[in-house]
Amino acid sequence: MTKYIIILLLIVTSCKGESKKDNKTKEVKSEVIKTSYFELVKAKKQNGLLILFPCFPCNAENTLSEFKIAELSVKNNYSVLAMNLNQRLYLNKKEKQELADQLARIIKEHGLSKKNIFIGGFSSGGNVSLLISNYLVVHKSQIKPKGTFIVDSPIDLLGLYTTAEKNLKLNFSVSSVQESTWIKNMFDEEFGNPSTDQITKYEQYSPYTFKTENINNLKGLKNLKVRLYTEPDVEWWKEYAKNEYEDLNAFYIQKLSEKLMIEFGEVTIELIKTKNRGYRANGERHPHSWAIVNKKDLINWMLE
Numbered sequence: 038m039t040k041y042i043i044i045l046l047l048i049v050t051s052c053k054g055e056s057k058k059d060n061k062t063k064e065v066k067s068e069v070i071k072t073s074y075f076e077l078v079k080a081k082k083q084n085g086l087l088i089l090f091p092c093f094p095c096n097a098e099n100t101l102s103e104f105k106i107a108e109l110s111v112k113n114n115y116s117v118l119a120m121n122l123n124q125r126l127y128l129n130k131k132e133k134q135e136l137a138d139q140l141a142r143i144i145k146e147h148g149l150s151k152k153n154i155f156i157g158g159f160s161s162g163g164n165v166s167l168l169i170s171n172y173l174v175v176h177k178s179q180i181k182p183k184g185t186f187i188v189d190s191p192i193d194l195l196g197l198y199t200t201a202e203k204n205l206k207l208n209f210s211v212s213s214v215q216e217s218t219w220i221k222n223m224f225d226e227e228f229g230n231p232s233t234d235q236i237t238k239y240e241q242y243s244p245y246t247f248k249t250e251n252i253n254n255l256k257g258l259k260n261l262k263v264r265l266y267t268e269p270d271v272e273w274w275k276e277y278a279k280n281e282y283e284d285l286n287a288f289y290i291q292k293l294s295e296k297l298m299i300e301f302g303e304v305t306i307e308l309i310k311t312k313n314r315g316y317r318a319n320g321e322r323h324p325h326s327w328a329i330v331n332k333k334d335l336i337n338w339m340l341e
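For the sequence shown, the working numbering gives the first residue as 38, with consecutive numbering after it.
Structural data, given as structure tokens:
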């Protein structure tokens, strides 16, 4: 769940970095382009593109700081496009079309690869990644993603609402109560109270609804490579927010993986559970972090 959603709250430059490859020092050239909409680390040679979406209060700068994949990606001739699009737990139809058009413009204007495109995101950014990937496939966009991945994302909006209600009853901590109050109030206004109203709107906008096993918003992913990352540290969450496994993103991500494997087959779907990898860039222990992703392994998955 996003009890860990924290409501917190660019000029063209070029840079050169050095890295080692095969024990030989080799200059890795890249161009960094920053705008109010994105930050692009452009590889000199275009063999592919990695598009990243941030967590709810985050931006492109935070993404590239917490998830230091740009140098390794560029070394393998993949540009990295980190988007500033945030504060989205879901996308409506208009937002999906606008985002699809925006991505197409960026790719065209900056001469980026139209092949080997991978889309991923952390927390709420993972929801965006799944939904836009599905939209691009279903609507036969000129952008054809090859794969998509999420990092501990709150994929079930109905489940998120349910956990928010639990947290309010527990009244365990100030931060948990504040976040849960915000979630419940927003969803009551946007979708209605699922206890008294139909859950149709939750199904309409959520990547996945466990209660009804609804994956209508992910049908287009059938022929894509999909990775689902999560670190289910139950003891940490019990201490932090008095949550049980069934309250965590990890629970719903596991259930989604099981559903997708049944629907799509096990070959393209991967559930990756990690242990003790979740640390923020400042050293803070937190299982809800970009760091649970093994960067080299992710690149290899993209190159396969």
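Note that beta-carbon positions come from the ideal geometry of N, C-alpha and C, so glycine has one too. Predicted model, so just to flag it, every value in this text is computed and none were measured.
Where the beta strand (DSSP E) containing residue i begins and where it ends
i: arginine 264; result: 262-267
i: lysine 279; result: Careful: lysine 279 lies outside any beta strand (DSSP E) and carries neither H nor E.
i: isoleucine 309; result: 306-310
Opening and closing residue of the alpha helix (DSSP H) in which residue i lies
i: isoleucine 299; result: 286-301
i: phenylalanine 75; result: Where phenylalanine 75 is concerned, there is no enclosing alpha helix (DSSP H), although the beta strand (DSSP E) it sits in stretches over 75-80.
i: glutamate 132; result: 130-146
i: valine 117; result: Valine 117 -> not in any alpha helix (DSSP H); beta strand (DSSP E) instead, spanning 115-120.
Residue nearest to residue i in terms of C-alpha spacing, selected from the options
i: glutamate 303; options: His325, Leu340, Thr311 and Asn260; result: Asn260
i: lysine 145; options: Arg317, Ile180 and Ser212; result: Ile180
i: lysine 112; options: Met223, Lys81 and Gly229; result: Lys81
i: alanine 137; options: Asn253, Lys177 and Phe186; result: Lys177
i: tyrosine 277; options: Pro324, Phe301, Leu293 and Thr267; result: Pro324
i: glutamate 272; options: Tyr282, Met223 and Tyr266; result: Tyr282
i: phenylalanine 155; options: Trp274, Asn99, Val263 and Tyr316; result: Val263
i: arginine 125; options: Ile192, Lys71 and Val69; result: Ile192
i: lysine 130; options: Lys206, Ser67 and Tyr242; result: Tyr242
i: alanine 97; options: Leu86, Gly196 and Asn123; result: Asn123
i: lysine 152; options: Leu168, Ser160, Ala141 and Ser161; result: Ala141
i: asparagine 313; options: Phe247, Lys105, Gln291 and Thr267; result: Thr267
i: tryptophan 274; options: Ser116, Leu173 and Thr200; result: Thr200
i: threonine 185; options: Leu255, Asn319 and Val78; result: Leu255
i: valine 78; options: Asn84, Ile70 and Gly85; result: Ile70
As assigned by DSSP and simplified to three states, the class of residue i
i: threonine 100; result: helix
i: asparagine 337; result: helix
i: isoleucine 88; result: strand
i: lysine 112; result: helix
i: lysine 256; result: helix
i: glycine 320; result: coil
i: serine 161; result: helix
i: glutamate 250; result: coil
i: isoleucine 156; result: strand
i: isoleucine 70; result: strand
i: lysine 105; result: coil
i: aspartate 59; result: With a pLDDT of only 41 at aspartate 59, under 50, the local geometry of the prediction cannot be trusted, and the value read off the model is given with reservation. If DSSP states are grouped into helix, strand and coil, aspartate 59 belongs with coil.
i: lysine 151; result: coil
i: asparagine 331; result: coil
i: serine 326; result: coil
Per-residue burial, residue i [other beta carbons within 10 Å of its own, 16 or more giving buried]
i: glycine 163; result: buried
i: serine 326; result: buried
i: alanine 119; result: buried
i: lysine 203; result: buried
i: asparagine 280; result: buried
i: leucine 101; result: buried
i: asparagine 232; result: Residue identity check: residue 232 is serine in the sequence provided, not asparagine. The residue in question, serine 232, is exposed, as its Cβ has fewer than 16 Cβ neighbours within 10 Å.
i: leucine 340; result: exposed
i: glutamate 321; result: exposed
i: alanine 328; result: buried
i: glutamate 295; result: exposed
i: isoleucine 299; result: exposed
i: lysine 53; result: Residue placement at lysine 53 is poorly supported in this model, since its pLDDT is 33, which falls under 50; the coordinates still yield a value, given next. Exposed: under 16 other Cβ atoms inside 10 Å.
i: asparagine 121; result: buried
i: alanine 318; result: exposed
i: valine 330; result: buried
i: lysine 333; result: exposed
i: threonine 246; result: buried
i: serine 166; result: buried
Min CB distance residue i to chain B below 8 Å
i: histidine 147; result: Included in the structure is just one protein chain, with no chain B present.
Practice task
Scan the region 164-241 and note each continuous alpha helix (DSSP H) run of 4 residues or more that stays entirely inside, going in chain order.
Solution key: 194-207 and 211-227
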